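The sequence shown begins at 10 in this note's numbering and counts up one residue at a time.
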Amino acid sequence: MVAMDRFDPGRQPAGRVPAPGRLGFVQAFLNSFWDLDNDGVDRWDTTEGLSAWLRERGFDGAVTEGERRRTVVLRDGLRAALRGDGWDGVEEEGTVRVCHDAG
């Protein structure tokens, strides 16, 4: 396996421009649910897949099933927040109303 620059966001769908610098790691993390090179599978469906993704970026790749599940929940939660899921809108004063479901 060839290690990559941990901040490299990798190939982007539809020829999009990758995020610059260290933001590339955030882009790679958030977009990890869709593997462009493997018919769109989520590499993080298994501990082996998440471990490989981490090792490719120079991190210790050892993860437990619980760590994998928490990592996927974090990724999916951040993606939802960035899409605005659960937002009820913005008040005239600029206050954001958020509907939070902790369950």
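Beta carbons are placed, not taken as given, at the ideal position from N, Cα and C, and that holds for glycine. As the structure is a prediction and not an experimental result, all values here were calculated from the model.
Nearest-angstrom Cβ-Cβ length linking glutamine 36 and proline 27, presumed shorter than 8 Å: Right, their Cβ atoms sit about 7 Å apart.
On the criterion of 16 or more Cβ atoms from any shown chain inside 10 Å, does asparagine 40 qualify as buried, or is it exposed? Burial state of asparagine 40 is buried, judged by a 10 Å Cβ sphere holding 16 or more other Cβ atoms.
With distances taken from CA atoms, which of Leu63, Gly24, Thr55 is nearest leucine 45? Distances from the alpha-carbon of leucine 45 to those of Leu63, Gly24, Thr55 put Gly24 closest.
Roughly how many angstroms separate the alpha carbons of phenylalanine 38 and leucine 63, rounded to a whole number? Each residue's alpha carbon lies about 10 Å from the other.
Can you give the beta carbon distance from tryptophan 53 to arginine 77, rounded, assuming they're within the 8 Å contact cut? About 6 Å; that satisfies the 8 Å criterion.
In angstroms with no decimal places, state the Cα-to-Cα distance between arginine 92 and aspartate 69. Arginine 92 and aspartate 69 have their C-alpha atoms spaced approximately 30 Å apart.
Would leucine 59 be called buried (16 or more neighbouring beta carbons within 10 Å of its own) or exposed? Classification for leucine 59: buried.
Pop quiz: phenylalanine 42 and arginine 79 are said to be a contact at Cβ under 8 Å. What is the actual Cβ separation, rounded to whole angstroms? Wrong, their Cβ atoms sit about 15 Å apart, outside the cutoff.
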